[in-house]
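Taking our numbering, the leading residue of the sequence shown gets 1038, the next gets one more, and so forth.
Everything below concerns the one structure shown next.
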Amino acid sequence: MTRVPCLFAFVLTLASPAAAQPNDPRLDRLKAEAGRAIDANARLAQQMVDQVFSFGELGMQEVETSKYLTAILEKNGFTVERGVAGIPTAWLARWGSGKPVIALGSDIDAIPQANQKPGVAAREWLVPGAPGHGEGHNSGVPLNILAALAVKDLIAREKLSGTILLWPGVAEEQLGSKAYLVRAGVFRDVDANLFAHVSDEFGISWGDEPALTLISALFKFKGQSAHAAGAPWRGKSALDAVLNMANAWEYHREHMELAQRSHYVITDGGDQPNVVPSTAAIWFYFRERDVERVTRMFEDAKQIARGAAAATFTTLDSVQVIGSAWRPHFNKPIATALHDNAVKVGMPAWDDKDQTMAKAVQRMMGQPDSGLRTSVPPLRSPEEAAAASSGTGSDDIGDVTWTVPSVTLYYPANIPGTPGHNWADAIAMATPIAHKGVIAGAKVQAMTLLDLLLRPELLSAAREYFTNVQTRTIKYHPLMAPTDQPAIWLNAEKMARYREPMRKFYYDPAKYGSYLEQFGIKYPVVP
Ligand SMILES: [Zn+2]
């Protein structure tokens, strides 16, 4: 086959935008109905957001969270499959039948040491040292559930063909699960994937996200223990290898491209000073713009690790990939539909209390007290998204976006100006700011779900973009080796330490109208 007819077809497709087709006459009416159904479910929205907030579970240990969310889905007729891809807290909830299959995903894990009383503009722990939702991952699956419940009733009544598939982002903070879900074939029959992530605005963009491709890996070293004072010459310190590797990496950093981001923590530094450490481990995140560059960084790190071992007479025991993530790429036709719906829904109706809360948190963090955002920004191109971005993280949703046409809906349920991955980011996440943001986001998600069910030309435009633009020259392959397995042991010890003290503070919706009420917090508490 020659390439010319293919290119010609490609140009023709792009020249006839999906919006030019007449819409199903039911579409606007059904979107309005879905919106009303979500408003009518405001109590469920508040309950789910507050409940998951109170669990505050770290990645791979989202046991209570997954039990709670899947129970709601089962009660509403979804078929739930648990332990997906060998990950105990991963699940799939399916409802409906036939094509198209539309997936709705969002993350569920919390942040270490981000435990925080909601609605209070000051550092107040519930359980000192415990994890908490300092990233707002308590809100996304509740949002997707609200959208799914509203649309499923309409599918049933209108006798539409289509399947809704809900799934959780487990251990997103460790980029630990989504590539494994892809490898397990979770998205094999999926036509489009709508992801949701908390933000302080309706941030919707198409194309490459301003994020970095990532490999996270644990380097374990082995030495020989000895009495550190009595016979140090008989010891070989694995900790010396770890420190040597970290040090060598810092010298190497001088010669890296500016865009790289790499950082590490020492997860095993030995037991006590008078015993020469026979084991030690260092955990790295390597981030770069693309798969080739991040793979090269990882190879450099392995060489440095071997060198560090050789220089300390120890051995490099193992190198384990803990997480990996492609740079996300969002589907243009779906992003356009999603953005149109965000404009239709508009921003949540923040009241004076919400704005007072937001401004107090902003002042506390030394930021301009601009309050909560009140308008929906335009749909962003990759360049505009980069300009609007405050930094460069990574998200393993990238692997999903390279497997199936996908977009992330960033929805306004938190306060602008917080640092991210911080207790201050948890303050709003069980208050009316989060509740209202989740309801607005659920409407956008539900309306886009209806677009995908009732506008076949949108799905085919999405498929065209995926095949002929996004993946025309770049083909997905996972960054972990075929032998790598999900790091399901992550955070087990930490969570075991905090789960019981946290359990006392789980939200009790039978007794309290909100989590704020459970603590007698007069929202907003500002100094
Ligand atoms: Zn996140």
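Ideal placement from N, C-alpha and C gives every residue a C-beta, glycine not left out.
Nearest-angstrom Cβ-Cβ length linking residue i and residue j, presumed shorter than 8 Å
i	j	result
Ile-1109	Ile-1201	With 8 Å as the limit, Ile-1109 and Ile-1201 do not qualify as a contact, their Cβ atoms being about 14 Å apart.
Thr-1440	Val-1219	5 Å
Val-1086	Val-1475	6 Å
Asp-1061	Lys-1136	That pair is no contact at about 16 Å.
Tyr-1502	Lys-1381	Incorrect: roughly 22 Å between the Cβ atoms, too far for contact.
Leu-1129	Val-1223	6 Å
Ile-1452	Val-1398	5 Å
Gly-1177	Ser-1143	3 Å
Asp-1146	Glu-1209	6 Å
Pro-1365	Ala-1499	Actually they do not touch by this definition, with Cβ atoms about 15 Å apart.
Arg-1063	Glu-1195	7 Å
Ala-1275	Ala-1317	4 Å
His-1174	Ala-1463	10 Å between Cβ atoms; not a contact.
Glu-1099	Val-1207	6 Å
Pro-1149	Leu-1095	7 Å
Ile-1371	Pro-1449	About 20 Å separates the two Cβ atoms, so there is no contact after all.
Asp-1433	Ala-1296	Not quite, the Cβ-Cβ distance comes to about 19 Å (not below 8 Å), so this is no contact.
For residue i, the nearest candidate out of the options (CA to CA)
i	options	result
Arg-1006	Ala-1317, Pro-1469, Val-1207 and Lys-1390	Only positions 1038 to 1564 of the chain appear in the structure, and residue 1006 is not among them; the question remains open.
Ala-1347	Gly-1213, Ile-1145, Ala-1498 and Asn-1281	Asn-1281
Glu-993	Ala-1151, Arg-1343 and Glu-1246	In the structure as shown, the chain starts at 1038 and stops at 1564, and residue 993 therefore has no counterpart that could be examined.
Ser-1600	Val-1089, Asp-1277 and Glu-1210	No answer is possible for residue 1600: the residues shown for the chain start at 1038 and end at 1564.
Arg-1290	Asn-1230, Ala-1338, Ser-1418 and Gly-1360	Ala-1338
Gly-1383	Leu-1251, Ser-1412, Asp-1391 and Gln-1399	Ser-1412
Asp-1389	Ala-1127, Glu-1172 and Tyr-1560	Tyr-1560
Ala-1233	Lys-1480, Ser-1497, Val-1506 and Leu-1487	Lys-1480
Met-1097	Phe-1321, Thr-1316, Ile-1464 and Ile-1124	Ile-1124
Leu-1141	Pro-1493, Thr-1393, Val-1437 and Ser-1497	Val-1437
Gly-1133	Gly-1114, Arg-1333 and Trp-1526	Gly-1114
Leu-1203	Val-1188, Gln-1211 and Arg-1194	Val-1188
Asp-1237	Ser-1443, Ser-1426 and Arg-1534	Ser-1426
Ser-1407	Gln-1392, Leu-1491 and Thr-1316	Gln-1392
Asp-1076	Arg-1410, Pro-1155, Pro-1385 and Pro-1419	Pro-1385
Pro-1415	Ile-1511, Gly-1240 and Pro-1523	Gly-1240
Leu-1527	Asn-1152, Gln-1211, Ala-1372 and Ala-1151	Gln-1211
Tyr-1543	Asn-1152, Thr-1445 and Ser-1299	Asn-1152
Gly-1454	Pro-1538, Met-1539, Val-1312 and Lys-1396	Lys-1396
Met-1466	Leu-1495, Thr-1445 and Pro-1179	Pro-1179
Ala-1471	Tyr-1535, Asp-1327, Val-1358 and Trp-1387	Trp-1387
Asp-1545	Arg-1536, Gln-1555 and Glu-1537	Gln-1555
Asn-1459	His-1514, Thr-1485 and Glu-1161	Glu-1161
Leu-1553	Ala-1374, Gly-1156 and Ile-1192	Gly-1156
Trp-1363	Glu-1329, Leu-1353, Phe-1350 and Thr-1349	Glu-1329
Leu-1197	Arg-1540, Gln-1507, Tyr-1513 and Leu-1487	Leu-1487
Gln-1309	Ala-1266, Lys-1104, Met-1402 and Gly-1557	Ala-1266
Ile-1303	Met-1532, Phe-1256 and Pro-1515	Phe-1256
Residue i: CB within 7 Å of a non-hydrogen atom of ligand 1
i	result
Glu-1172	yes
Asp-1433	no
Asp-1144	yes
Glu-1238	no
Glu-1094	no
His-1472	no
Glu-1195	no
Glu-1099	no
Glu-1246	no
Glu-1209	yes
His-1300	no
His-1289	no
His-1366	no
His-1234	yes
DSSP beta-bridge partners of residue i
i	result
Ile-1139	Ile-1201 and Ala-1229
Val-1117	Ala-1130
Tyr-1301	Phe-1321
Leu-1186	Partner(s): none; Leu-1186 has no beta bridge.
Arg-1417	Ser-1242
Lys-1259	Thr-1316 and Thr-1352
Val-1562	Val-1157
Gly-1550	Beta-bridge pairing links Gly-1550 to no other residue.
Ala-1362	Leu-1251
Gln-1357	Leu-1255
His-1234	Tyr-1447
Gly-1169	Ile-1148
Lys-1273	Gln-1261
Phe-1367	Gly-1244
Distance cut-off 7 Å: residue i Cβ against heavy atoms of ligand 2
i	result
Tyr-1535	As presented, the structure is devoid of ligand 2, carrying ligand 1 as its sole ligands.
Please give me, in chain order, every unbroken run of the beta strand (DSSP E) with length at least 3 that falls completely inside the segment 1429-1498. 1443-1449
**OP:** Could you name each continuous alpha helix (DSSP H) segment of 4 residues or more that falls completely within the segment 1054-1107, going from the start of the chain to the end?
**Re:** Runs found: 1064-1077 and 1079-1092.
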